[in-house]
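Report on the structure given below.
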Amino acid sequence: MAETPEVVEGTETMNGQAAEGAWEPKILGILCNWCSYAGADLAGSARLQHPPNVRIVRVPCSGRVDPQFVLKGFMRGFDGVLVSGCHPGDCHYAKGNYYARRRLTLLTRFLETMGIPRERFQFQWVSASEGARWAESVREMTERIRKLGPFQGVGRPVPLLIPVVARQSEAQAVGVEAR
Ligand code: FES
1 MAETPEVVEG TETMNGQAAE GAWEPKILGI LCNWCSYAGA DLAGSARLQH PPNVRIVRVP
61 CSGRVDPQFV LKGFMRGFDG VLVSGCHPGD CHYAKGNYYA RRRLTLLTRF LETMGIPRER
121 FQFQWVSASE GARWAESVRE MTERIRKLGP FQGVGRPVPL LIPVVARQSE AQAVGVEAR
């Protein structure tokens with residue numbers, strides 16, 4: 001039997017819509033086309049219920065996710081950002097998710113420096129057959145962000161640092177000197 005969506009008392013009306021004026025977490029989901037987007041689609045077609053708080057942006061591969069996409073999400077008012085790609089070894093472009101893992105692991109270390117609590121960012125693997133895993137991760141993240149409350153804004157933006165760090169990390173991965 002399908003689970004009912006998370007409901008916080010007083011925030012939803014009888015038909016499941018957020019009551020006017022009540023705060024609801026707004027989460028940006030950046031999903032790779034081949035695995036995680038298909039997994040989210042499967043969750044929808046299997047009617048697995050989860051909170052409607054994630055706005056999805058589809059990218060060809062998690063390797064396309066520039067750390068600045070995550071920062072821009074926060075700067076534009078999202079309360080949390082979720083990046084999801086194919087499991088290691090399953091990337092349709094061979095190594096895109098490995099590059100993403102390096103970049104986003106580094107980004108996670110810098111988030112606190114920029115005044116963004118780490119708990120507001122999540123990087124995960126979801127395959128095309130894991131609709132239930134997608135639904136569960138949306139439930140978990142929505143609940144976590146709900147407890148944290150609205151994001152109050154980037155404390156100390158360091159916009160130029162991230163691309164440099166990402167380039168150095170990738171250069172180390174392929175054994176060349178970063179520019
Ligand atoms: Fe999904 Fe590369 S195609 S992570």
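Here the sequence shown is numbered in the working numbering, starting from 1 and rising by one per residue.
All residues carry an ideal CB built from backbone N, CA and C; glycine is no exception.
Source: prediction; values computed, not measured.
Residue i versus the options, residue with shortest Cα-Cα distance
i      : options                          : result
Val154 : Val57, Gly96, Gln122 and Gln68   : Gln68
Lys95  : Pro60, Trp23, Phe78 and Arg120   : Pro60
Phe151 : Arg118, Tyr37 and Gly44          : Arg118
Leu28  : Tyr93, Phe74, Glu112 and Asp66   : Phe74
Leu148 : Ile116, Ala43, Gln124 and Ala128 : Ile116
Ala128 : Cys91, Thr113, Arg101 and Leu106 : Cys91
Arg64  : Asp41, Arg102 and Arg76          : Arg102
Met114 : Lys72, His87, Glu130 and Asp41   : Lys72
Cβ pair residue i, residue j closer than 8 Å
i      : j      : result
Gly39  : Val126 : yes
Val57  : Phe121 : no
Val81  : Ser62  : no
Leu104 : Phe78  : no
Ser36  : Gly89  : no
Pro25  : Arg146 : yes
State whether the stretch 33-49 contacts the stretch 115-135, with contact taken as three or more CB pairs (one from each stretch) at a distance under 8 Å. Contact annotation: the stretch 33-49 touches the stretch 115-135, with at least three C-beta pairs closer than 8 Å.
The stretch 137-146 contacting the stretch 51-58, beta-carbon criterion three pairs below 8 Å: Put simply, the stretch 137-146 touches the stretch 51-58. At least three CB pairs are less than 8 Å apart.
Beta strand (DSSP E) runs contained entirely in the stretch 17-61, provided each spans 3 or more residues: As far as the stretch 17-61 is concerned, its whole beta strand (DSSP E) runs of at least 3 residues are 27-32 and 54-59.
Would you call the stretch 24-44 and the stretch 84-102 touching, i.e. three or more CB-CB distances under 8 Å? Between the stretch 24-44 and the stretch 84-102 there are three or more inter-stretch CB-CB distances shorter than 8 Å, so the stretches are counted as touching.
Sequence-ordered residues whose beta carbon comes within less than 6 Å of a heavy atom of the ligand FES: In chain order, the qualifying residues are Cys32, Trp34, Cys35, Cys61, Ser62, Gly63, Gly85, Cys86, Cys91, His92, Tyr93, Gly96 and Asn97.
Counting only runs of 4+ residues fully inside the stretch 69-116, write out the alpha helix (DSSP H) ranges in chain order. Fully enclosed alpha helix (DSSP H) runs of 4 or longer: 96-111.
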